[in-house]
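Undergrad:
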Amino acid sequence: MMKILVGLGTCGIAAGAEETYRKLSTHSQADGAGFQLGKTGCIGMCYREPLVEVRDDKGARFTYGAVSPDKVDRILEEHIKGGKPVDEWLVWSNDTVGSDKPYLDNQSRIVLRNCGTIDPESLEDYLAVEGYQALKRVLDNKDPEGLITQIIESGLRGRGGAGFLSGMKWRFARMAAGKRKYVICNADEGDPGAFMDRSVLESDPHSVLEGMAIAAYAIGNVSVGIIYVRAEYPKAIERLNIAIKQAEERGLLGDKIFGTDFEFHVKLKEGAGAFVCGEETALMQSVEGKRGMPKVRPPFPATKGLWDCPTNINNVETYANVPWIVLKGAGAFNSMGTENSKGSKVFAMAGKVKRGGLVEVPMGITIREIVFGICGGIKEDKKFKAVQMGGPSGGCIPAELQNTIIDYESINKTGAIMGSGGLVVMDETTCMVDVARFFLDFTQRESCGKCTFCRIGSKRMLEVLTRITEGKGRETDIDLLLDLAQRVKNTSLCGLGQTAPNPVLTTIKYFRSEYEAHISNKKCPAHSCNQLLTYSINDLCTGCLLCKRACKFDAISGEKKVKHVIDMSKCTKCGECFKVCNFHAVARD
Amino acid sequence: MDLHRKYDFKNHHFAGEEGRLIPLLQQAQAMDGYITRDRIHEIHKNSGIPLTHIYGVATFYSQFRFKPVGKYMIRVCHGTACHVSGAKDITEACQDHLAIPSGETTADRLFTLETVACLGCCSLAPVIMINNDTFGNLSPKDVKKIINRYKKEGPKEAAQ
Ligand SMILES: Cc1cc2nc3c(=O)[nH]c(=O)nc-3n(C[C@H](O)[C@H](O)[C@H](O)COP(=O)(O)O)c2cc1C
Ligand code: SF4
Ligand code: SF4
Ligand code: SF4
Ligand code: FES
Numbered sequence: 003m004m005k006i007l008v009g010l011g012t013c014g015i016a017a018g019a020e021e022t023y024r025k026l027s028t029h030s031q032a033d034g035a036g037f038q039l040g041k042t043g044c045i046g047m048c049y050r051e052p053l054v055e056v057r058d059d060k061g062a063r064f065t066y067g068a069v070s071p072d073k074v075d076r077i078l079e080e081h082i083k084g085g086k087p088v089d090e091w092l093v094w095s096n097d098t099v100g101s102d103k104p105y106l107d108n109q110s111r112i113v114l115r116n117c118g119t120i121d122p123e124s125l126e127d128y129l130a131v132e133g134y135q136a137l138k139r140v141l142d143n144k145d146p147e148g149l150i151t152q153i154i155e156s157g158l159r160g161r162g163g164a165g166f167l168s169g170m171k172w173r174f175a176r177m178a179a180g181k182r183k184y185v186i187c188n189a190d191e192g193d194p195g196a197f198m199d200r201s202v203l204e205s206d207p208h209s210v211l212e213g214m215a216i217a218a219y220a221i222g223n224v225s226v227g228i229i230y231v232r233a234e235y236p237k238a239i240e241r242l243n244i245a246i247k248q249a250e251e252r253g254l255l256g257d258k259i260f261g262t263d264f265e266f267h268v269k270l271k272e273g274a275g276a277f278v279c280g281e282e283t284a285l286m287q288s289v290e291g292k293r294g295m296p297k298v299r300p301p302f303p304a305t306k307g308l309w310d311c312p313t314n315i316n317n318v319e320t321y322a323n324v325p326w327i328v329l330k331g332a333g334a335f336n337s338m339g340t341e342n343s344k345g346s347k348v349f350a351m352a353g354k355v356k357r358g359g360l361v362e363v364p365m366g367i368t369i370r371e372i373v374f375g376i377c378g379g380i381k382e383d384k385k386f387k388a389v390q391m392g393g394p395s396g397g398c399i400p401a402e403l404q405n406t407i408i409d410y411e412s413i414n415k416t417g418a419i420m421g422s423g424g425l426v427v428m429d430e431t432t433c434m435v436d437v438a439r440f441f442l443d444f445t446q447r448e449s450c451g452k453c454t455f456c457r458i459g460s461k462r463m464l465e466v467l468t469r470i471t472e473g474k475g476r477e478t479d480i481d482l483l484l485d486l487a488q489r490v491k492n493t494s495l496c497g498l499g500q501t502a503p504n505p506v507l508t509t510i511k512y513f514r515s516e517y518e519a520h521i522s523n524k525k526c527p528a529h530s531c532n533q534l535l536t537y538s539i540n541d542l543c544t545g546c547l548l549c550k551r552a553c554k555f556d557a558i559s560g561e562k563k564v565k566h567v568i569d570m571s572k573c574t575k576c577g578e579c580f581k582v583c584n585f586h587a588v589a590r591d
Numbered sequence: 570m571d572l573h574r575k576y577d578f579k580n581h582h583f584a585g586e587e588g589r590l591i592p593l594l595q596q597a598q599a600m601d602g603y604i605t606r607d608r609i610h611e612i613h614k615n616s617g618i619p620l621t622h623i624y625g626v627a628t629f630y631s632q633f634r635f636k637p638v639g640k641y642m643i644r645v646c647h648g649t650a651c652h653v654s655g656a657k658d659i660t661e662a663c664q665d666h667l668a669i670p671s672g673e674t675t676a677d678r679l680f681t682l683e684t685v686a687c688l689g690c691c692s693l694a695p696v697i698m699i700n701n702d703t704f705g706n707l708s709p710k711d712v713k714k715i716i717n718r719y720k721k722e723g724p725k726e727a728a729q
């Protein structure tokens, strides 16, 4: 029988996938419906949600994009009954048809191996794709040391930002003295513009649980694991809770796992809205019920972490890689990638890119291949300007450096960082000074306040950036920013402060002329900073009165069918007239 | 209601009273909509955690509110992707339409407007969330329509 799967991740639901699912379910219950209906997580083509996949008995798979409920009937009629796919709506297939084939075909999926193919709420589905087999193998082998060696050999590095060798971290935690140890999964995903961890948790929660259990076994003396997850991700929390319960009922988590003496319980802990709690020591403070303020390292969590016990903390994506490595071997993983960056990396593609969504690529691929080859280039074919990587800790890599390869060291050289995988694409309409201001605004608000320069220095930097975008910048401001940036970097305790200046430093490095245009000419080359724009009405004006009515400040005068005029002394540059005019008669410069 | 007794300690591993503080505050907020003075005192009495510590923790995390909120919580995303895709216009449209600044609640206690950093649907930017429902690919006009639907029809229908 044919199978129809609907992608029900947060993106899909936001785009209306639940309605599509409901419509399909009214048909699937009818006699002779000819198909079975199922749910799945994030298929990854977020830009084409709601996504619906049709699978036939012979293994052919067809993905339809933007399936609103009104498209359901035709798909059922022509494809399910008639056996002929509706080509014009196909975005992907494992056959030759589909408009957006390069998007999925050019990816290499390890972490996302099950995302969008299995039902995240079904343990059976996970078991059918070798689920918990890696854990079973590890328990059968009874060789935690060998397991750690395997993870080290695979070259897996932490996907949460810093890129430390995961196996080494496990070894430190194993060697640390202590009768009680913990493993933690960092699912705080605070970087604004990133959603990889959310998608993995929503689409394949068991793979993360399995990875944690394997880590727990490798380290030893661990009976409790904690997942610290953002409260803003209700769907991920819901599915994790279901998955934990299912695994416990089957003896795959809890006491006596697979009938052995190995015991491992997983608890969820919801975050409470503080970005700094993604930092490992702050996260542990938060789990302990305190204000989430980072602590001095050393001691590192591996020797003294949660409740002063040795603790291993890894990112969601790091854990999701683990079962795959155990099953396929370290060699399969480290044959992919570059010399020092092995395996694949998931990126959350967003911003001004045609196809935004989740992509997983082998390390070593270039930024250009991701932006153009996979994601189809820039929206409305505007000019590609930069990518922002690493969020508030990262930086902007300009279009000239688009041949930079994805690898921890190469990205670091540009001044950005690999980060957790947020990749925001910017075009010619994005103002780089505004981007720097945006991130500083974020970090200075999220600073925990412990270090003076992070707390106050970042505020001063924000003030300087704000005045530049408002046309009040001073000639000395760039030097002032550079000076402050160095001081904030040098005197901050944790990664938040140490990296907060990166967005400013990289934009000054690559887009200095844009800063200078703001400061010296009082112009925003991207036409984005409102205060620096001037509005005027040109000869295309038909005198339709629309802008005059729209202007809340009485700055526009004119009669019907006569060209209107803007009174600059009253104009607040709110941009309303520009938005409403249907005749391109309002000019903005 | 005895919040402390209602709280399921057995299934919570977090050792010590203090480890339970944040889940307790979260539960208090889920019950009352915000953190009331009475609840803070209740937690203090039952757990023995010093009041200063409870206030210190509650004020550190942006999730906790100390003012009542409206029936519908509108969160406008101002994450990176939404920022470059016009989140500012979305917030302005909400502010205009509800006639309140961000962070405030309408007089009829129906809507509270907030800005947040990244809701995790960046590829649908700009995005807003009303209670637990997410809306993406919005224009300022769409936002007004959605708000009107909530006003008229209540959450179930409006979220469709
Ligand atoms: C301000 C700040 C925020 C962070 N946020 C996160 C986060 O949201 N998710 C994450 O996995 N790591 C985050 N980290 C990194 C963690 O401190 C830690 O390095 C990571 O969880 C280790 O896991 P990994 O080795 O698997 O990467 C953050 C670090 C800093 C300084
Ligand atoms: S660098 Fe900033 S966030 Fe980190 S501990 Fe210091 S003040 Fe807190
Ligand atoms: S809206 Fe455009 S065309 Fe109409 S009066 Fe204004 S400038 Fe002229
Ligand atoms: S920019 Fe705003 S204030 Fe200025 S003329 Fe246009 S509508 Fe009026
Ligand atoms: S930036 Fe708005 S959802 Fe991520």
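Taken in order, these protein sequences are the chains called A and B.
Note that the first sequence ends on residue 591 in the working numbering; no numbers are left out.
Note that the second sequence ends on residue 729 in the working numbering; no numbers are left out.
Virtual Cβ for every residue (Gly too), placed ideally from N, Cα, C.
Being a predicted model, the structure only gives us computed values, none of them experimental.
(1) Bridge partners of A:Leu360, per DSSP?
(2) Residues in the region 681-703 of chain B with C-beta within 9 angstroms of chain A's C-beta atoms, listed in sequence order?
(3) Would A:Lys269 and A:Ala284 be called neighbours here (beta carbons separated by less than 9 angstroms)?
(4) Can a CB atom of chain A be found closer than 9 angstroms to the CB of B:Phe583?
(5) Is A:Cys496 near ligand 1, going by C-beta to nearest heavy atom under 8 angstroms?
(6) At a Cβ cut of 8 angstroms, what residues of the region 653-668 of chain B count as close to chain A, listed as they run along the chain?
(7) Report back the beta-carbon spacing between A:Tyr321 and A:Met198 to the nearest angstrom; my notes put them in contact at under 8 angstroms.
(8) Taking 9 angstroms as the CB-CB cut-off, is B:Thr605 touching chain A?
(9) Could you check where the beta strand (DSSP E) with A:Leu547 kicks off and where it finishes?
(10) How far does the alpha helix (DSSP H) with A:Ser205 in it extend, from its first residue to its last?
(11) By DSSP, does A:Gly499 sit in helix, in strand, or in coil?
(12) Per DSSP, what are the beta-bridge partners of A:Ile327 in this structure?
(13) Leaving out five residues on either side along the sequence, give the residues of the same chain with a beta carbon under 6 angstroms from the beta carbon of B:Lys627.
(14) Nearest-angstrom Cα distance between A:Glu561 and A:Ala16?
(15) Would a C-beta distance cut-off of 9 angstroms place B:His647 and B:Val685 closer than the cut-off?
(16) Can at least three beta-carbon pairs, one atom from the region 72-87 of chain A and one from the region 302-310 of chain A, be found at a separation below 8 angstroms?
(17) What does the shell around ligand 4 hold, if a residue joins when its beta-carbon is under 6 angstroms from any heavy atom?
(18) Where do the ends of the alpha helix (DSSP H) carrying A:Thr42 lie?
(19) Which of the three DSSP states is assigned to A:Ile112 in this structure?
(20) Would you give the residue range spanned by the alpha helix (DSSP H) that A:Leu125 belongs to?
(21) Would you kindly check if the distance between the Cβ of A:Gly195 and the Cβ of A:Gly393 is under 9 angstroms?
(22) Could you check if A:Ile6 belongs to the surroundings of ligand 3, using beta carbon to heavy atom distance under 8 angstroms?
(23) Tell me whether A:Arg161 counts as near ligand 1, meaning its Cβ is closer than 8 angstroms to at least one heavy atom of that ligand.
(24) Check whether the Cβ of A:Leu547 lies closer than 8 angstroms to any heavy atom of ligand 3, and answer yes or no.
(25) My parser needs the beta strand (DSSP E) runs of 3 or more residues fully inside the region 424-495 of chain A; what are they?
(26) Name the chain B residues whose beta carbon is nearer than 7 angstroms to that of A:Tyr49?
(27) Measure the C-alpha to C-alpha separation of B:Tyr576 and A:Val435 and round it to an integer number of angstroms.
(28) Which chain B residues sit within Cβ distance under 7 angstroms of A:Ala233?
(29) Run through DSSP, which three-state label would A:Asn414 get?
(30) Evaluate B:Cys687 with the Cβ neighbour count: other Cβ atoms within 10 Å of its Cβ, from every protein chain shown; 16 or more gives buried, anything less gives exposed.
(31) With DSSP as the reference, identify every bridge partner of A:Gln390, one or two as the case may be.
(32) Can you pull out the residues from the region 430-449 of chain A whose beta carbon lies closer than 7 angstroms to at least one beta carbon of chain B?
(33) Using DSSP bridges, identify the partner residues of A:Glu341.
(34) Determine whether the Cβ of A:Gln390 lies closer than 9 angstroms to any Cβ atom of chain B.
(35) Which partner residues of B:Cys691 appear in the DSSP bridge assignment?
(36) So does the region 223-237 of chain A actually touch the region 334-342 of chain A, counting three or more Cβ pairs closer than 8 angstroms?
TA: Working from what's here:
(1) A:Ala350
(2) Val685, Ala686, Cys687, Leu688, Gly689, Cys690, Cys691, Ser692, Leu693, Ala694, Val696, Met698, Asn701, Asp702 and Thr703
(3) no
(4) Since pLDDT at B:Phe583 reaches only 43, below the 50 mark, its modelled position is unreliable, and the value read off the structure follows with that caveat. By this cut-off, B:Phe583 is an interface position.
(5) Remark: the shortest separation between the CB of A:Cys496 and any heavy atom of ligand 1 falls under 8 angstroms.
(6) Val653 and Ser654
(7) With a Cβ gap of about 13 angstroms, A:Tyr321 and A:Met198 do not count as contacting.
(8) no
(9) Per DSSP, A:Leu547 belongs to no beta strand (DSSP E) and is neither H nor E.
(10) In the DSSP assignment, A:Ser205 falls within the unbroken alpha helix (DSSP H) covering Met198 to Ser205.
(11) helix
(12) According to DSSP, A:Ile327 bridges with nothing at all.
(13) The sequence shown places Ala at residue 627 of chain B, not Lys. Excluding residues within five positions, the ones whose Cβ falls inside 6 angstroms are Leu594, Ile604 and Phe633.
(14) 44 angstroms
(15) Closer than 9 angstroms, so yes.
(16) no
(17) Having a Cβ closer than 6 angstroms to some heavy atom of ligand 4 are A:Tyr537, A:Ala552, A:Cys553, A:Phe555, A:Ala557, A:Ile558, A:Ile568, A:Cys573, A:Thr574, A:Lys575, A:Cys576, A:Gly577, A:Glu578 and A:Cys579.
(18) No alpha helix (DSSP H) holds A:Thr42; the beta strand (DSSP E) holding it covers Phe37 to Thr42.
(19) Coil, per DSSP.
(20) For A:Leu125, the enclosing alpha helix (DSSP H) covers residues Leu125 to Ala130.
(21) yes
(22) no
(23) yes
(24) For ligand 3, at least one heavy atom lies less than 8 angstroms from the Cβ of A:Leu547.
(25) 424-429
(26) Ser692
(27) For B:Tyr576, the pLDDT reaches just 42, beneath the cut-off of 50, and the residue's location in the model is therefore unreliable, although a value from the coordinates is still provided. The alpha-carbon atoms of B:Tyr576 and A:Val435 are separated by roughly 48 angstroms.
(28) Gln632
(29) helix
(30) buried
(31) Bridge pairing for A:Gln390: A:Cys398 and A:Val426 [DSSP].
(32) Within the region 430-449 of chain A, the residues whose Cβ lies closer than 7 angstroms to some Cβ of chain B are Thr432, Phe440 and Phe444, listed in chain order.
(33) Under DSSP, A:Glu341 forms no beta bridge with any residue.
(34) Output row for A:Gln390: interface = yes.
(35) Looking at the DSSP assignment, B:Cys691 forms no beta bridge with any residue, so it has no partner.
(36) no
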